[in-house]
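Q:
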Amino acid sequence: MKKSAFYILIVILSVGTLVGMFGYYLSGGQEVVEEYSDIGRPAEIFPDYSDVVIPANIAPLNFKVGESGSKYCVKIYSEKGEPIEVFSRTPKIVIDEARWHKLLDSNRGRKLKTEVFVKSKDGRWSRYQSITNEIAREDIDGYLVYRRIRPTFSNWRQIGIHQRNLRGYDESVVISNEYYKSGCVNCHAFCNNRTDKMTIGIRNLIYGSSALLVKDGEVHKVGTKFGYTAWHPSGKVIAYSVNRVVQFFHSTATEVRDVMDLDSLLAYYVVDSETVKTDPNISKKQRLETYPTWSPDGRYLYFCSAPLSWAKLDVVPPEGYDKIKYDLMRISYDIDKDKWGELERVLSAKETGRSILLPRISPDGRWLLFCMCDYGCFPVYRRSSDLYLIDLEGGRQSGVYTPLRLDINSDESESWHSWSSNSRWIVFSSKRQRGTFTRSYISYVDSKGQVHKPLVLPQKDPSHYDGCLWTYSVPELVVEPVRITKEKLSRVVRGNQKIIADFPVTQASPKVPAGSSYDEPWMSERE
Amino acid sequence: MQPSGCILEIRLALKRQNKNGKAEQLIDSLRTRVMPRLGGKVSIRKFDEPMQVFVFFVLFFLLVYFWIDPKLIYHGHGESIIYPMCTAEMSIFESFPAFPGKATMYIAARLPHYYYYSWAGAAIITVIAVGLCAGADKFISAVGGGRMRWLRFVPAVFLLAQHGRYFPFLLAENLSLLVGLIFLYFYIRVPLRFAVVRLGVFTVFCVLMYAAAVQMYVVFVLTCVSIEFFNKRRFDVGLVEFVLALLAPFLANILFFDLTAFEAYRVILTFPSQLYSEESVLAVSFFCFFPVVGFGLGLWRIFMEKRKPVGRKVRRKRKSSENHKKGRVIRTAGRAAIFITAVGFVWFTCDHTARQKQRIDYYARNKMWDELLLHARQLQSSDMFICHDVNRALYHSGRLLDDMFLYPQDFAGLLLTPGRRLSDELMLQIWTKSSNTLFELGHINQAENFSYEALTNLIYYPEGLRRLALINIIKGQTGAARNFLHALSKDFLYEDEAKEYLRRLSKDPLLSEDEDIQRMRSFVLVEDRIESDNKTTPKDLLEKNGNNRMAFEYLMAFCLLTGQHAGVAHSVGYLDNFEYPRGQIPRHLEEAILLYLAMGGEKPELHGRRINPETSRKFGEFMQLFQRYKGNRQAAAGVLEKQYGDTYYYFYFFLLDESGL
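Residue numbers (the numbering used here), protein chains in the order written: chain A, 1 to 527; chain B, 1001 to 1661.
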């Protein structure tokens, strides 16, 4: 061996040894914790992963121990399988993914215990009361698609739809506005929790406003704006709202921002014929219709509707904006005949005293999840926004739909909820952790409709949320990843080809222009 | 010159100066230490040259450090530094899709953070200058411009001139040029016998250049081609290189990116869009330097060779000692001329106004009020941003209502209300500056609004994070405050401060014992209103809390700037709420009261205070003179300005109409 090669080898080995030693030091080094004193309370951990129901297919719930010490040991175990032991010299507890999944898989429906040991500076170990969680029998859908943006006021820059593999921590971009010279990307919607049929709303100064329609692996640009969007379960029709949005600011309220629809209506896009239609019952001149969602059998379109109480559509804020409250409506629809039925009021704002927004029905058709807030149409800016559940089956039998306020609500805003395909999990946005910043929370819904304590979407770095300036909104659960690449989606955005889908001129004068014009940023961009 | 000759020359030179001892020491040192290492091949000129280079770059560093002052660039409130600067949020930038030139942009985004310290910024700029000059040296030699090697300093001079403009910030472009020169160096250095191999290397470099440093792709291609054309005289290879350079973006696009064909080629010609004409000329001249030198020197060589008589060898005459001396004088004079030209070039291209503005901004950010006011007095021109900073400085120095008319005033500058939407760059300045003032005034929600706008546009804005943390503490939203403080703590410049706040918040989530926070809480409005409908004014803030001195002074300043001296005259009672000297009234308020009375206003209640006789006397004089010039306003303004230019009544009669109201 040449002398120089020998020296290189020595250097490589030395560096390798040092790195290994450093890694070993950080990992804490295994040791047997036999002697310890018991602390009569559970250890504080962040995020709060205690008394929650965990999907068996979720990524390890890494956390930070909120107790001071020089070394930490965490034992995670259940009835079956090999316990997991984690040693760390820092309060950050990072759990091995493979062992975690093995443990959870073999203990579905059982309790999962977490014991926290903390070594004090004088070398004595303390054991805290164990933290108990429950492993659900049912899996959660494998992927979560959400919008990742900054807390938005009038201006915005980095907006992207991202997808997260819930089994691990991989996050990837579905589409980002960086791919088409800024602009907005929002309102992603999927058909039956699958990604083979999906839509994404795009607003862009250069390339115009459009909706990206993904169908069977192909991407099409529809030359009209889709607001809040809902796929008919058949995948043949897409209902969407057209909103004339205004933003304004409060001088003293805790939440500075406020958003109203000056005007809005519902329309629908027929996929096969590539046409846009509406019906007088869902686009009334004197009402504001928004947030469409289909019943799983496709026979009803649920939506929110409020009386349009202001005469001037160019005054901001509109007169009496803080009195506006939305009712929950539904209308029957025959997809074979493309015929709409009569309007029904499911739940009246007069009865509840609050504005009813964002209805979402569980795929089994049993539960209707929605939120209610003090006024308006944008719950994420209303601290008063809480989640409610209606038992549709009970309502059908009794004829009365009674909303039940969920125990999982916090003092901050809860909104943007969606269901897993098996109707056992909901994911929603909440500002409970950091006020301004929304995070995604997962809750288990049992067969009786009891919604269990939520857990924040786990991250590899347990301190991820501490200084995280992102806001995660509109989380949608899907069973498979979005397979169309971001490059392909953005190429279509930038491309010239599009499906011309204007409102029919013969129709009873839609109140909101539906062309592909570009809005002011804040008109199209909200959290 | 042979080594022995060199030593002889040193000996003679030093003997002439009667420094025999030193001469012997130096010669010994040369013989025993330096010469053996250099294999005896050394000359005075070879010592001379590195010394020149060293001196040049020491001067360069000092100029950048003391004159350009990179901390002013760092504090350029988004005007200069457009890239995300800090480590904490660089992950955002990392998650951007891959695009040509991202690598250099990434580095260009990281480095400016160190401009916070002027010495570090100067070091970065100097290192870039050294790299560019070394590259230029190699390139000039390669194209046969050996006698024109002095040109190698030109990029450094351009670099200095570019930074003297302060805006725009072209670090990514400069780094790209450096990357291009590194590739060029290898292209020149690697011995390549076969044209095919040479073309292959060129293609690889082109692809890499396109991927990593697309900003200077064209420059790189042209310099390579100029070498082939004029040094190697292989026109065919040069032409093929042109074709390959056109194919490389296509190839790079297949390998690394996903751009359309149009976009793939468009990016190679994209130049920073925010350049104004002067900066454009300067930047284009700088970046064209290499191709121009390549083609220029090459053509010059060809031209000279054609003029040379064929078949006769011209014997060069041996230089006599006198000629040698003459040559040295000419060389020295030449160097001096080049140096003076370079300094003159940098001086004349420098944007002195921008420098002053940056300095004012720097002082405002660091609350160096005395320095700010001192500099503001020396300014030749003003704008609403300077006016805004000056008024803020005056308030914090306790001089707003006494001295505000010492400085140029602009109604829009008081609270930065231009009355219309400005360009994004200017709006950014409005948001960053206004959020500070609104925060100090106690208009917390509007300060929050503007801080977010600035944060969104700047991507990373530590000042904004700090302010948003404080705003959320004031509003009792500890969770959000912690979030901002955690983000801030990842920035080494703010780490200690952020951690201290976090520590205090963990003990007292509302910081209820912090006097500043309590004071700010007492300013916060109670009655909600919609800002787009009915904007909150200092009057509303003063009505909420009569002890809000800043609101009072800004309200008075607002009244003065809008000519509402009646409002001022009837507000003297408020002075009792604050620590104004007993019995006295701030000068500008006195002037407004006198004007109000002179214009027939009813006598205001002065609450035991009296108007300074000196102010009354001066006002009387002014009015007499003003009457004398009645009908000739322009002449009056010229005469009265010197003596009364710092008074409210002068502003009212001569400047109010032009103040942007």
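We put the beta carbon where it would ideally sit given N, CA and C, even for glycine.
#1: Does DSSP put A:W557 in a helix, a strand or coil?
#2: Can you give the Cα-Cα distance for A:R108 and A:G81, rounded to whole angstroms?
#3: I want to verify the contact list: residues of chain B whose CB lies under 9 Å from the CB of A:A253, in sequence order.
#4: Over the uninterrupted beta strand (DSSP E) stretch that includes A:Q450, give me the two end residues.
#5: What does DSSP give as the partner residues of A:V456 in its beta bridges?
#6: Quick check on the burial criterion: 16 or more other C-beta atoms within 10 angstroms. Buried or exposed for B:K991?
#7: Taking the alpha helix (DSSP H) that A:V185 belongs to, which residues open and close that run?
#8: Could you list the residues in the stretch 222-233 of chain A with a C-beta less than 7 Å from some C-beta on chain B, going in chain order?
#9: Kindly indicate the opening and closing residues of the alpha helix (DSSP H) around A:L166.
#10: Can you tell which of A:F249, A:K337 and A:V451 has its C-alpha closest to the C-alpha of B:E1531?
#11: Could you give the distance in angstroms between the alpha-carbon of B:N1483 and the alpha-carbon of B:R1110?
#12: If we define contact as Cβ-Cβ less than 8 Å, is A:L469 a contact residue for chain B?
#13: Keeping to the same chain, check which residues put their C-beta closer than 7 Å to that of B:C1133; ignore five residues upstream and five downstream.
#14: Can you tell me the Cβ-Cβ gap for A:K119 and A:K71, rounded? I've got them flagged as a contact below 8 Å.
#15: Three or more C-beta pairs closer than 8 Å, one from the stretch 1211-1227 of chain B and one from the stretch 1238-1246 of chain B: is that the case here?
#16: Is A:P83 close to chain B? Criterion is C-beta to C-beta, closer than 8 Å.
#17: Mind pulling the chain B residues with CB within less than 8 Å of A:Q163?
#18: In the DSSP output, what is A:M372 paired with across the bridge?
#19: Under 8 Å between the Cβ atoms of A:F190 and A:E476?
#20: Just list the residues that DSSP pairs A:K221 with in beta bridges.
#21: Please report the distance separating the alpha-carbon of B:A1393 from that of B:G1645.
#22: Is there contact between the stretch 1560-1573 of chain B and the stretch 1593-1610 of chain B, where contact requires at least three CB pairs shorter than 8 Å?
#23: On the DSSP letters alone, give me the boundaries of the beta strand (DSSP E) that A:M260 sits inside.
#24: With three or more beta-carbon pairs closer than 8 Å as the criterion, would you say the stretch 1352-1368 of chain B touches the stretch 1329-1337 of chain B?
#25: Counting pairs of beta carbons, one from the stretch 57-66 of chain A and one from the stretch 455-463 of chain A, are three or more of them closer than 8 Å?
#26: Give the residues of chain B in contact with A:Q529, contact being defined as C-beta atoms less than 7 Å apart.
#27: Determine, for A:Q433, whether the minimum Cβ-Cβ distance to residues of chain B falls below 8 Å.
#28: Starting from B:S1277, trace the alpha helix (DSSP H) both ways and give me its first and last residue.
#29: Which residues of chain A have a Cβ atom closer than 8 Å to the Cβ of B:G1101, listed in chain order?
#30: Assign B:M1556 to buried or exposed, taking buried as 16 or more other Cβ atoms, counted over all protein chains shown, within 10 Å of its Cβ.
#31: Measure the beta-carbon distance from B:P1100 to B:Y1210 and round it to whole angstroms, keeping in mind my assumption that it falls under 8 Å.
#32: Going along the chain, which residues of its own chain have a beta-carbon closer than 8 Å to the beta-carbon of B:L1406, five neighbours each way excluded?
#33: With 9 Å as the limit, tell me which residues of the stretch 1472-1497 of chain B have their beta carbon closer than that to any beta carbon of chain A; keep them in chain order.
#34: Just checking: is the beta-carbon of A:R137 within a distance shorter than 8 Å of some beta-carbon in chain B?
#35: Can you find a C-beta in chain B that's less than 8 Å from the C-beta of A:I8?
#36: Quick one: Cα of B:L1184 to Cα of B:T1223, how far?
A: Quick answer:
#1: The displayed coordinates of chain A run from 1 to 527. Any statement about residue 557 of chain A would go beyond what the structure contains.
#2: The residue labelled residue 108 of chain A in the question sits at position 108 within the first sequence. The residue labelled residue 81 of chain A in the question sits at position 81 within the first sequence. The alpha-carbon atoms of A:R108 and A:G81 are separated by roughly 11 Å.
#3: Residue numbering aside, residue 253 of chain A sits at position 253 when the first sequence is read from its first letter. The contacting residues are N1445 and D1528.
#4: Walking along the first sequence from the start, residue 450 of chain A turns up at place 450. Unbroken run through A:Q450: none, as it is neither H nor E.
#5: Mapped onto the first sequence, residue 456 of chain A falls at position 456. Partner(s): A:Y441.
#6: Beyond the ends of chain B as shown, which are 1001 and 1661, falls residue 991 of chain B; an answer cannot be given.
#7: Position 185 of the first sequence holds residue 185 of chain A. First-last for A:V185: C184 to C191, but that is the beta strand (DSSP E), not the alpha helix (DSSP H).
#8: none
#9: Taking the first sequence and counting its residues from 1, one reaches residue 166 of chain A at position 166. Here A:L166 belongs to no alpha helix (DSSP H), and DSSP marks it neither H nor E.
#10: Counting from one through the second sequence, the residue named residue 1531 of chain B turns up at place 531. Residue A:F249 is the option with its Cα nearest to B:E1531.
#11: Reading the second sequence from its first residue, position 483 is the one you call residue 1483 of chain B. Reading the second sequence from its first residue, position 110 is the one you call residue 1110 of chain B. Roughly 23 Å separates the two Cα atoms.
#12: On the first sequence, position 469 is the one that residue 469 of chain A refers to. So yes, A:L469 belongs to the interface.
#13: Residue mapping note: residue 1133 of chain B aligns to position 133 of the second sequence, counting from 1. R1152, F1153, P1155 and A1156.
#14: Taking the first sequence and counting its residues from 1, the one referred to as residue 119 of chain A is at position 119. Taking the first sequence and counting its residues from 1, the one referred to as residue 71 of chain A is at position 71. The pair is a contact, with the Cβ atoms about 4 Å apart (cut-off 8 Å).
#15: yes
#16: Residue 83 of chain A sits at position 83 when you count from the first residue of the first sequence. Chain B, which has no Cβ nearer than 8 Å to the Cβ of A:P83, makes this no.
#17: Residue mapping note: residue 163 of chain A aligns to position 163 of the first sequence, counting from 1. Those do not exist, as A:Q163 stays about 13 Å from chain B at its closest Cβ, beyond 8 Å.
#18: Residue 372 of chain A sits at position 372 when you count from the first residue of the first sequence. Its beta-bridge partners are A:I356 and A:D386.
#19: One-based indexing of the first sequence puts residue 190 of chain A at position 190. One-based indexing of the first sequence puts residue 476 of chain A at position 476. In contact: A:F190 and A:E476 (Cβ atoms closer than 8 Å).
#20: Working through the first sequence from its first residue, we reach residue 221 of chain A at position 221. DSSP output for A:K221 lists A:L212 as bridge partner(s).
#21: Position 393 of the second sequence, counted from the first residue, corresponds to residue 1393 of chain B. Position 645 of the second sequence, counted from the first residue, corresponds to residue 1645 of chain B. Whole-angstrom Cα-Cα distance: 20 Å.
#22: yes
#23: By one-based count along the first sequence, residue 260 of chain A stands at place 260. Here the beta strand (DSSP E) through A:M260 covers R257 to V270.
#24: no
#25: yes
#26: Summary: the structure shown does not reach residue 529 of chain A, with chain A confined to residues 1 through 527, and so no result is reported for it.
#27: Translated into positions along the first sequence, residue 433 of chain A becomes position 433. At least one chain B Cβ lies under 8 Å of A:Q433.
#28: If you number the second sequence from 1, residue 1277 of chain B lands on position 277. Element bounds for B:S1277: S1277 to R1307.
#29: On the second sequence, position 101 is the one that residue 1101 of chain B refers to. Neighbours of B:G1101 on chain A: none; closest Cβ ~14 Å, over 8 Å.
#30: One-based indexing of the second sequence puts residue 1556 of chain B at position 556. Label assigned to B:M1556: buried.
#31: Reading the second sequence from its first residue, position 100 is the one you call residue 1100 of chain B. Reading the second sequence from its first residue, position 210 is the one you call residue 1210 of chain B. Rounded, the Cβ-Cβ distance is 6 Å, consistent with contact.
#32: By 1-based counting over the second sequence, the position of residue 1406 of chain B is 406. Hits under 8 Å: R1377 and D1646.
#33: N1472, K1475, G1476, Q1477, T1478, G1479, A1480, A1481, R1482, N1483, F1484, L1485, H1486, A1487, L1488, S1489 and K1490
#34: To locate residue 137 of chain A, count along the first sequence from 1; it is residue 137. No, because no Cβ of chain B sits closer than 8 Å to the Cβ of A:R137.
#35: Counting from one through the first sequence, the residue named residue 8 of chain A turns up at place 8. For A:I8, the answer is no, since every Cβ of chain B falls outside 8 Å of its Cβ.
#36: Counting from 1 along the second sequence, the entry for residue 1184 of chain B is found at position 184. Counting from 1 along the second sequence, the entry for residue 1223 of chain B is found at position 223. When rounded, the distance between both Cα atoms is 8 Å.
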